[in-house]
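*Asks:* Sharing a structure with you now.
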Amino acid sequence: MYLVNNDANHDPFALGFENSTGSEADVVIPALEQLMLRHLSKGAHILDIGCLDGEIVKHLNIRGYQTTGLDVSEQFLHIARKKAPDSKFILCDIRKFESPPTYDAVYSKNVFSFFLNLEELTTVFRNVYMAMHDNGLFVFTMQAADCTLLDGPPDSSFSGKVNHIPSYPSVEDKFVYIERHTNDNREERIREIKMTSFTLINGIWKRTDTTLVEKHYFISEIKSVLENVGFIEINVYDSRDFGDTTAFSQPCFVCRKPSLSQ
C-alpha cells in the first residue's frame with residue numbers, strides 16, 4: 004500500500020487558472036454534447052466534481068443547465084464564483100460528500116485516479132450514486148493502466164524536461180507552474196506528480212511545492228467498482244475520439260443510475 008496523503012493544498016495554483024488564456028471547454032463541452040447533454044432536458048441539474056476554476060460549470064450554465072461545482076480548494080472556488088455567479092459551489096472532499104438525490108448528471112475530469120485504493124474509489128462512486136436522481140448519467144475521465152502500461156506514462160505530451168524529468172510548464176505574467184511526473188512504479192501502477200508554482204506577490208516571487216500520487220487502475224477494476232455500487236450501462240470511450248489532442252489515450256466512462264422500476 005502506498006502511504007502518501009493526497010490531501011494537498013491546491014490554493015496556490017489557482018492564480019494560474021485565473022490568468023490563463025486557454026480553455027479546456029473547447030474540448031470538454033463538445034464531448035459532453037455527444038455523451039451527456041443530448042440526453043438531458045434544459046434545466047437539468049449537473050454536478051462537476053473537481054470543478055477547479057468553474058470554466059466547465061460556466062459553459063454548462065450558459066447552455067441553460069442548473070450547475071453545481073464541487074472542489075477541495077477555496078481559492079479555486081473563489082475564482083469559480085466570479086466566473087459563474089449563477090451557479091452553486093460546494094467546498095468539500097468528494098470522499099466526504101453526502102447529498103440526497105439532487106443531480107440529473109455528474110461530470111468529472113481526472114479526479115478519481117488520486118484515490119489510491121479500491122475501498123476509497125468505491126466510497127467516492129457510492130457518494131456520486133447517492134447524489135443522483137434515478138436515470139442520472141455519470142460521465143468521467145481518469146487514467147487507466149490499460150493505456151499507460153501500453154503506451155507508457157503520458158509524458159510524451161509534455162513540452163519540456165527539468166533535470167531529465169518530463170515536465171509540463173505553464174508561464175503567465177504573474178504565475179509560473181511546473182508539473183513533473185516522477186517515480187513511475189509500473190508494478191504498483193503508481194506515480195508521483197510534483198507540482199511547483201511561483202506566484203508574483205507585491206513584487207516578490209513566492210514558491211510553492213506539493214506532491215500528489217496517482218493510481219492507475221485497470222479499466223476492468225473501474226467497471227467492477229461501478230457495477231458493485233449499482234451503475235448500469237457502463238461504456239468506455241477514448242478521449243481522443245472527442246477532440247483530445249494529447250499524445251496518450253485516456254478512457255472516458257459513461258454510465259447510468261437505474262430507475263427504481265428496473
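The sequence shown stops at residue 265 when you use my numbering, and every number in between is there. C-beta atoms are modelled at their ideal positions from N, C-alpha and C, and glycine is treated no differently. The structure displayed is predicted, hence computed values, not measured ones.
(1) If Ile222 sits next to Thr199, beta carbons under 8 Å apart, how far is it from one beta carbon to the other, in whole angstroms?
(2) Answer with buried or exposed for Gln37, where buried requires no fewer than 16 other C-beta atoms within 10 angstroms of its C-beta.
(3) Among Ile65, Lys177, Leu229, Arg41, which has the Cα closest to the Cα of Pro261?
(4) Less than 7 Å between C-beta atoms, sequence neighbours within five positions excluded: which residues of the same chain meet that for Leu63?
(5) Are Leu73 and Ala108 close, meaning C-beta to C-beta below 7 Å?
(6) Where Asp89 and Ala47 are concerned, what is the direct C-alpha to C-alpha distance, given to the nearest angstrom?
(7) In the DSSP assignment, find the unbroken alpha helix (DSSP H) run with Asp29 in it and report its ends.
(8) How long is the line joining the alpha carbons of Ala28 and Glu58, rounded to whole angstroms?
(9) I think Phe118 touches Val232, with their Cβ atoms under 8 Å apart; what is that distance to the nearest whole Å?
(10) CA-CA distance, Thr185 and Met135?
*Replies:* Checking against the coordinates, here is how it stands:
(1) If you number the sequence shown from 1, residue 222 lands on position 219. If you number the sequence shown from 1, residue 199 lands on position 196. The beta-carbon distance between Ile222 and Thr199, rounded to whole angstroms, is 32 Å. This is too long to meet the 8 Å contact definition.
(2) As a working note, residue 37 is residue 34 in the sequence shown. When all chains shown are included, Gln37 counts as exposed.
(3) Here the question's residue 261 lines up with position 258 in the sequence shown. When each option's Cα is compared against that of Pro261, the closest is Leu229.
(4) For the purposes of this step, residue 63 is taken as residue 60 along the sequence shown, with counting starting at 1. A distance below 7 Å between beta-carbons, with the five flanking residues on each side excluded, links Leu63 to the following residues of its chain, in chain order: Ile49, Thr70.
(5) Translated into positions along the sequence shown, residue 73 becomes position 70. Translated into positions along the sequence shown, residue 108 becomes position 105. No Cβ-Cβ contact shorter than 7 Å links Leu73 with Ala108.
(6) If you number the sequence shown from 1, residue 89 lands on position 86. If you number the sequence shown from 1, residue 47 lands on position 44. Taking the straight line joining both Cα atoms gives about 14 Å.
(7) Translated into positions along the sequence shown, residue 29 becomes position 26. Asp29: member of the alpha helix (DSSP H) spanning 28 to 38, first to last residue.
(8) The residue given as residue 28 occupies position 25 in the sequence shown. The residue given as residue 58 occupies position 55 in the sequence shown. One alpha carbon belongs to Ala28, the other to Glu58, and they sit about 7 Å apart.
(9) In the sequence shown, residue 118 corresponds to position 115, counting from 1. In the sequence shown, residue 232 corresponds to position 229, counting from 1. Their Cβ separation, rounded to whole angstroms, is 14 Å, which puts Phe118 and Val232 out of contact at 8 Å.
(10) In the sequence shown, counting from the first residue as 1, residue 185 sits at position 182. In the sequence shown, counting from the first residue as 1, residue 135 sits at position 132. Roughly 37 Å separates the two Cα atoms.
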